[in-house]
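Q: The UniProt record's numbering numbers the first residue of the sequence shown as 1 and each following residue consecutively.
Glycine included, every Cβ here is placed at the ideal spot set by N, Cα and C.
Computed from a prediction, not measured in an experiment: that's the story for all the values here.
Below are the structure tokens for one structure; questions will follow.
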Amino acid sequence: MTHRFTELHDALQGVDGISFADDFRFVDVTTLHLGGRPAGAVRCATTDALATAVARADSLNLPLLVVGGGSNLVVADGDLPLVAVVADCPDIDIDADSGLLRADAGAVWDDVVSASIDAGLGGIECLSGIPGSAGATPVQNVGAYGVEIADVLTRVLLLERATGAVDWVPASSLDLGYRTSNLKHTGRGVVLAIELQLRTDGSSAPLRFGELARRLGVTADDTGARGTVRHPSPLVREAVLELRRGKGMVHDPADHDTWSAGSFFTNPIVADTDVAGVRAAVSRLHGVDVADAMPCYPAGEGCSKLSAAWLIERAGFVRGHPGPEAPARLSTRHTLALTNRGRATTADLVALAREVRAGVWDAFGVTLHPEPVWVGVDIDG
Ligand SMILES: Cc1cc2nc3c(=O)[nH]c(=O)nc-3n(C[C@H](O)[C@H](O)[C@H](O)COP(=O)(O)OP(=O)(O)OC[C@H]3O[C@@H](n4cnc5c(N)ncnc54)[C@H](O)[C@@H]3O)c2cc1C
Numbered sequence: 001m002t003h004r005f006t007e008l009h010d011a012l013q014g015v016d017g018i019s020f021a022d023d024f025r026f027v028d029v030t031t032l033h034l035g036g037r038p039a040g041a042v043r044c045a046t047t048d049a050l051a052t053a054v055a056r057a058d059s060l061n062l063p064l065l066v067v068g069g070g071s072n073l074v075v076a077d078g079d080l081p082l083v084a085v086v087a088d089c090p091d092i093d094i095d096a097d098s099g100l101l102r103a104d105a106g107a108v109w110d111d112v113v114s115a116s117i118d119a120g121l122g123g124i125e126c127l128s129g130i131p132g133s134a135g136a137t138p139v140q141n142v143g144a145y146g147v148e149i150a151d152v153l154t155r156v157l158l159l160e161r162a163t164g165a166v167d168w169v170p171a172s173s174l175d176l177g178y179r180t181s182n183l184k185h186t187g188r189g190v191v192l193a194i195e196l197q198l199r200t201d202g203s204s205a206p207l208r209f210g211e212l213a214r215r216l217g218v219t220a221d222d223t224g225a226r227g228t229v230r231h232p233s234p235l236v237r238e239a240v241l242e243l244r245r246g247k248g249m250v251h252d253p254a255d256h257d258t259w260s261a262g263s264f265f266t267n268p269i270v271a272d273t274d275v276a277g278v279r280a281a282v283s284r285l286h287g288v289d290v291a292d293a294m295p296c297y298p299a300g301e302g303c304s305k306l307s308a309a310w311l312i313e314r315a316g317f318v319r320g321h322p323g324p325e326a327p328a329r330l331s332t333r334h335t336l337a338l339t340n341r342g343r344a345t346t347a348d349l350v351a352l353a354r355e356v357r358a359g360v361w362d363a364f365g366v367t368l369h370p371e372p373v374w375v376g377v378d379i380d381g
């Protein structure tokens with residue numbers, strides 16, 4: 001591997017925008033502050049450099065991981081047989097008249113949101129405070145407070161790794177779904193830049209999320225799926241950031257409750273026909289009133305979405321589980337975030353993830369699926 005990285009190193013010598021990071025460790029770049037050392041790391045300051053680095057590594061058959069902000073990664077401890085290709089290209093370009101925004105893959109996502117609001121545009125304020133890079137937003141179709149990047153994404157500049165072609169492709173070709181796309185777990189391509197169509201009247205996306213709407217004084221009747229009410233974007237951004245900070249969902253290196261990958265498990269989607277069985281299991285443990293109150297939302301034909309956090313709590317896991325001495329714990333502010341308290345290893349975190357998943361399965365027969373991308377390690381062992 002080291003020998004093949006030397007070949008890549010040689011092939012990329014002198015390419016504009018490329019630099020090599022000999023001291024790169026995942027523990028320094030992931031928001032979990034976990035993970036070992038790759039065989040090599042290449043930093044790419046332009047989209048051309050990013051495309052070139054990935055294409056050359058692919059031509060040498062080198063395993064690689066594209067890294068943005070490291071906020072959705074669970075990386076194994078120790079030495080990893082792969083090359084980290086880091087998207088450091090930061091440009092953001094906004095046309096305030098048309099509402100079109102383009103951001104390079106390496107632009108910090110929250111800077112994109114903030115710049116769009118400063119330019120008087122609306123539509124992504126509910127996605128304020130999500131860590132990571134612009135290029136990663138389509139990968140799992142990031143979403144929060146009733147808005148997803150799919151709502152505003154028009155197209156992405158994509159390097160198709162199978163062919164080496166670089167082209168703008170429409171968002172509709174990415175199969176964007178709930179915390180997923182055909183870029184996640186597939187190695188299909190690398191997003192070099194994204195393009196968004198935003199609102200030019202400075203008003204927010206419709207407020208669909210009850211907690212946010214209440215914070216802004218909007219009545220519940222005007223929210224929900226049809227969401228009719230919009231607010232000025234800057235006010236919505238402030239409210240979202242306040243709510244997120246309260247839950248430890250804005251990354252802050254000084255606060256161990258935020259040393260996480262955000263929500264660790266996706267909300268489980270189950271067949272409608274299985275919901276009654278889950279409710280019965282909840283009822284056996286907690287009584288019929290609790291079972292009747294179980295959150296359950298339509299999720300496409302024949303399917304329902306349950307709440308991972310609710311199930312984790314009803315399975316007996318409290319905030320801060322398993323206790324103050326543990327190196328990896330549930331956040332003390334949010335049961336859906338698994339956190340590193342400062343001296344955890346990835347092995348500690350994985351053990352906690354397995355314990356929570358097994359607890360929910362034993363209590364309710366529901367399988368939780370991790371939301372982050374796992375590298376060199378697997379929840380199934
Ligand atoms: C405190 C906290 C709160 C969070 N809240 C939310 C939330 O509300 N909603 C939400 O959806 N997510 C949330 N997340 C998860 C995470 O922030 C997002 O998934 C984010 O988009 C990941 O971006 P990144 O640049 O850090 O990606 P990385 O962690 O660097 O990479 C994640 C995956 O994307 C791939 N990738 C990265 N860049 C590219 C690219 N340019 N092209 C192709 N593949 C790429 C990587 O190879 C990897 O597979 C949260 C995380 C944290 C730590």
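Taking the C-alpha atoms as reference points, what is the distance between A96 and A45?
A: Your numbering for residue 96 matches position 96 in the sequence shown. Your numbering for residue 45 matches position 45 in the sequence shown. Taking the straight line from one Cα to the other gives about 26 Å.
Q: Quick one: what's got a C-beta closer than 6 Å to G248's C-beta in the same chain, skipping five residues either side?
A: In the sequence shown, the residue the question calls residue 248 occupies position 248. Within the same chain, G248 has close Cβ partners D257, T258, S331, R333, H334.
Q: Looking at the structure shown, is W374 part of a helix, part of a strand, or coil, going by DSSP?
A: The residue you call residue 374 lines up with position 374 of the sequence shown. Strand, per DSSP.
Q: Just the C-alpha distance for L158 and V169, rounded to the nearest angstrom, thanks.
A: By one-based count along the sequence shown, residue 158 stands at place 158. By one-based count along the sequence shown, residue 169 stands at place 169. When rounded, the distance between both Cα atoms is 7 Å.
Q: To the nearest angstrom, report how far apart E301 and A347 are at their CA atoms.
A: Counting from one through the sequence shown, the residue named residue 301 turns up at place 301. Counting from one through the sequence shown, the residue named residue 347 turns up at place 347. Cα to Cα, E301 sits roughly 38 Å from A347.
Q: Between the alpha carbons of R245 and F209, how many angstroms are there, rounded?
A: Indexing the sequence shown from 1 puts residue 245 at position 245. Indexing the sequence shown from 1 puts residue 209 at position 209. If I take the Cα positions, the gap works out to 17 Å.
Q: Measure the alpha-carbon distance for residue 399 versus Q197 and round it to whole angstroms.
A: Outside the shown range of the chain (1 to 381) lies residue 399, about which nothing can therefore be said.
Q: Following the continuous alpha helix (DSSP H) through L50, name the residue where it begins and the one where it ends.
A: As a working mapping, residue 50 is identified with position 50 in the sequence shown. Residues 47-59.
Q: Between the Cα of A315 and those of R354, W361, N267, spot the shortest distance and give me the residue it belongs to.
A: The count along the sequence shown starts at 1 and reaches residue 315 at position 315. When only C-alpha atoms are compared, the closest one is W361.
Q: Given the structure, does A76 come close to ligand 1, in the sense that its CB is under 6 Å from one of the ligand's heavy atoms?
A: Along the sequence shown, one-based indexing puts residue 76 at 76. For ligand 1, not one heavy atom lies less than 6 Å from the Cβ of A76.
Q: Expressed to the nearest angstrom, what Euclidean distance is found between the alpha-carbon atoms of V29 and P327?
A: Here residue 29 refers to the residue found at position 29 of the sequence shown. Here residue 327 refers to the residue found at position 327 of the sequence shown. Going from the Cα of V29 to the Cα of P327 covers about 19 Å.
Q: Checking the sheet assignment: what are the DSSP bridge partners for A276?
A: Walking along the sequence shown from the start, residue 276 turns up at place 276. For A276, which the question treats as bridged, DSSP gives no partner whatsoever.
Q: Which residues mark the beginning and the end of the beta strand (DSSP E) in which P170 is found?
A: Taking the sequence shown and counting its residues from 1, one reaches residue 170 at position 170. That run of the beta strand (DSSP E) goes 166-170.
Q: For S133 and P90, I'd like the C-alpha separation in whole angstroms.
A: If you number the sequence shown from 1, residue 133 lands on position 133. If you number the sequence shown from 1, residue 90 lands on position 90. For S133 and P90, the distance between alpha carbons rounds to 9 Å.
Q: Going along the chain, which residues of its own chain have a beta-carbon closer than 8 Å to the beta-carbon of V54, five neighbours each way excluded?
A: Stepping through the sequence shown from its first residue, residue 54 is reached at position 54. So the list reads L64, V66, V85, L159, R161, V190, once near-sequence residues are dropped.
Q: Note down, in chain order, each residue of its chain lying with its Cβ closer than 8 Å to the Cβ of D131, except the 5 sequence neighbours on either side.
A: Taking the sequence shown and counting its residues from 1, the one referred to as residue 131 is at position 131. Sequence check: residue 131 is Pro here, not Asp. Here the set comprises T31, G69, S71, W109, D110, V250, H251, G262.
Q: Could you give the distance in angstroms between the alpha-carbon of E242 and the alpha-carbon of P234?
A: Counting from 1 along the sequence shown, the entry for residue 242 is found at position 242. Counting from 1 along the sequence shown, the entry for residue 234 is found at position 234. If I take the Cα positions, the gap works out to 12 Å.
Q: Report back the beta-carbon spacing between T52 and A105 to the nearest angstrom; my notes put them in contact at under 8 Å.
A: Position 52 of the sequence shown, counted from the first residue, corresponds to residue 52. Position 105 of the sequence shown, counted from the first residue, corresponds to residue 105. Incorrect: roughly 13 Å between the Cβ atoms, too far for contact.
Q: Suppose only complete runs of 4+ residues qualify. What are the alpha helix (DSSP H) ranges in the segment 82-158, listed by chain order?
A: List check, alpha helix (DSSP H) in window: 109-118.
Q: Have a look at D88 and P322 and give me their C-alpha separation to the nearest angstrom.
A: By 1-based counting over the sequence shown, the position of residue 88 is 88. By 1-based counting over the sequence shown, the position of residue 322 is 322. Rounded to whole angstroms, D88 to P322 spans 37 Å at the Cα level.
Q: Taking the alpha-carbon of I149 as reference, which of D167, T163, G164, E125 has the nearest alpha-carbon?
A: As a first step, residue 149 must be located in the sequence shown, where it is residue number 149. Nearest C-alpha to I149: E125.
Q: Name the DSSP beta bridge partners of I18, please?
A: To locate residue 18, count along the sequence shown from 1; it is residue 18. Answer by DSSP bridge pairing, in chain order: C44.
Q: Starting from the C-beta of S260, find all residues in its chain whose C-beta is less than 7 Å away, skip the five residues before and the five after it, and write them out in chain order.
A: Along the sequence shown, read from residue 1 onward, the residue named residue 260 stands at position 260. The residues are T31, L32, S331, A337, L338, T339.
Q: In or out: D167 buried (at least 16 other Cβ within 10 Å) or exposed?
A: By one-based count along the sequence shown, residue 167 stands at place 167. D167 is exposed by the Cβ-count criterion.
Q: Could you tell me the alpha carbon to alpha carbon distance between V142 and T345, rounded to whole angstroms?
A: The count along the sequence shown starts at 1 and reaches residue 142 at position 142. The count along the sequence shown starts at 1 and reaches residue 345 at position 345. Using only the alpha carbons, I get a separation of about 27 Å.
Q: Output needed for A353: all residues of its chain with C-beta closer than 7 Å, excluding positions within five of it in sequence on either side, in chain order.
A: Here residue 353 refers to the residue found at position 353 when the sequence shown is read from its first residue. The residues are F264, L338, P370, I379.
Q: In the DSSP assignment, the alpha helix (DSSP H) including G359 goes from what residue to what residue?
A: As a first step, residue 359 is located in the sequence shown; it is residue number 359 there, counting from the start. Segment 346-364, the alpha helix (DSSP H) holding G359.
Q: Where T180 and P138 are concerned, what is the direct C-alpha to C-alpha distance, given to the nearest angstrom?
A: Walking along the sequence shown from the start, residue 180 turns up at place 180. Walking along the sequence shown from the start, residue 138 turns up at place 138. Going by the C-alpha atoms only, they are around 8 Å apart.
Q: Compare the beta carbon distance of S19 and R43 with 7 Å and say whether it is the shorter of the two.
A: Within the sequence shown, numbered from 1, the residue matching residue 19 stands at position 19. Within the sequence shown, numbered from 1, the residue matching residue 43 stands at position 43. In contact: S19 and R43 (Cβ atoms closer than 7 Å).
Q: Considering only the alpha carbon of each residue, which of V282, D274, A115 lies closest to A293?
A: Position 293 of the sequence shown, counted from the start, is the residue given in the question as residue 293. That would be V282, whose Cα lies nearest to the Cα of A293.
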